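Mapping the sequence shown onto the numbering used here, position 258 (from 1) lands on 1036, and the numbers just tick up by one.
We treat Cβ as the ideally placed atom computed from N, Cα and C, and that holds for glycine.
Given the structure is predicted, the values throughout are model-derived calculations rather than measurements.
First the structure, in the form of structure tokens, and then the observations on it.
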Amino acid sequence: MFSYRRCESSTRLDGKVAIITGANCGIGKFTALDFVRRGARVIIACRDLNKAEEAANHIRRDTEDVEGAGHVVVVSLDLASLASVRQCAQHLLRTERAINILVNNAGVCYSPKAYTKNGFEMHIGVNHLGHFLFTCLLLPRIIRSAPARIVTVSSYKNCLAEGICLNDLHWERRKYSAFDAYSESKLANVLFSVELARRLKGMGVTTYAVHPGVVATEAARYASHSFFSGAQWLFENVLVYFIKTPEQGAQTTIYCAVSNEAGGETGLYYRDCKKGRPNPLAFNERLAADLWDKSAKLVGLGAWDPFTALDTTSGIIDEDSRLSRQL
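So, in structure tokens, the structure goes:
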């Protein structure tokens, strides 16, 4: 009922380490499966360890007869908790000698108004701030592992955001809209990837923001939070034939992580395994820099600079006790 492009790259990932957040289901799980088939050591970083282990076992069974397959391990990561993000990063810096690919895949979609453990609005807190801190803490190891790639899963909804309200990221002064909060968090993903590329220039690490397509898992959540009756029936009986499966939705992430063509670019937005057009605000350098500075303050990075820091676990700070709902 629709067309989509598949990643045709035959690139092997033997000896490479890939970390994927939220890979216990959906496009993250199929991204992990693809990387294992290519020979990578894949680390699934998830909040729900039971589901993550189930996904890992499925991947092991699906690849047990694949020649040259890699392997998959599971670690605990709750992006709604800065303490969990720091603990996971510390663990990975102790156990992984290299980090060649980081896929920021996990996310929340159309959540009722809620807050993370650190008081951040749930969409911006999980989709952007949690991944921002996680990426920054791993950056010294990623830079040392160059060439390396960082892929952040956004959405075409980034194009529907009117901007990023830096003075009210947590929707305390605006009337809350789950749709708008999600769209803003997806624009934040693109701005983060663009600014990250600018700061990583010349370091051998490339960044990508991707729209996976309208995927069954996302559409199902949207239908369940709709405002009109019968939306779930419409999704299950009609719309499901017009959207991508999770395996199809994973193709652009895979393309950006492994293809030679994407490897020559950085800081761009991709959809259907080719360059796409993000929100025009993605090219606003001042907004991208301001969002970076605001994010660094909110997650408590302080004066610690991931681009110049020594590659060690000792520099990871722990300031959760003094963090509250800052604006």
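- Linking T1044 to Y986 through their CA atoms gives a straight-line distance of about 6 Å.
- In this chain, the alpha helix (DSSP H) harbouring C866 covers 860–873.
- Of the other Cβ atoms in all chains shown, 16 or more fall within 10 Å of the Cβ of G817; this residue is therefore buried.
- C-alpha of V1036 to C-alpha of S787: approximately 7 Å in a straight line.
- In the three-state reduction of the DSSP assignment, T809 falls in the helix class.
- Between R815 and T841, the CB-CB gap stays under 8 Å.
- Cβ-Cβ separation between L860 and L911: approximately 6 Å, consistent with a contact (criterion under 8 Å).
- Closest in alpha carbon position to A884, among N1057, K891, S933, D1083, is S933.
- Restricting attention to A823, G848, R839, D946, the CA atom closest to the CA of S862 is found in A823.
- Inter-residue distance for N905 and I928 is about 15 Å (C-alpha atoms, whole angstroms).
- K1052 sits in a strand when the DSSP states are folded into three classes.
- Between A1040 and G982, the C-beta gap is not smaller than 8 Å, which leaves the two residues out of contact.
- By the C-beta criterion, the stretch 1045–1062 is judged not to be in contact with the stretch 794–801, since fewer than 3 inter-stretch pairs fall below 8 Å.
- Shortest Cα-Cα distance from L1069 to any of L947, A1081, L827, L916 involves L947.
- Within the same chain, V814, R819, V820, R838 come within 8 Å of H849 by CB-CB distance, once the 5 residues on both sides are set aside.
- Per DSSP, R952 has no beta-bridge partner at all.
- By the C-beta density criterion, D792 is exposed, having fewer than 16 other C-beta atoms within 10 angstroms.
- In chain order, I942, L969, L1059 place their CB closer than 7 Å to the CB of L1065, counting only its own chain and leaving out the 5 sequence neighbours on each side.
- Per DSSP, the continuous alpha helix (DSSP H) segment holding C914 begins and ends at 909–922.
- Spatial neighbours of P1024 in its own chain (CB-CB distance under 8 Å, excluding positions within 5 residues in sequence) are listed in chain order as C803, G804, I805, K807, F808, V993, A994, T995.
- H906 is bridged by DSSP to nothing; it lacks a bridge partner.
- Look at K829 here: in three-state DSSP terms it is helix.
- Exclusion of the five residues before and after T789 leaves V1036 as the residues of its chain whose Cβ lies within less than 6 Å of its Cβ.
- Judged by DSSP secondary structure, T1090 falls outside any alpha helix (DSSP H); it is assigned neither H nor E.
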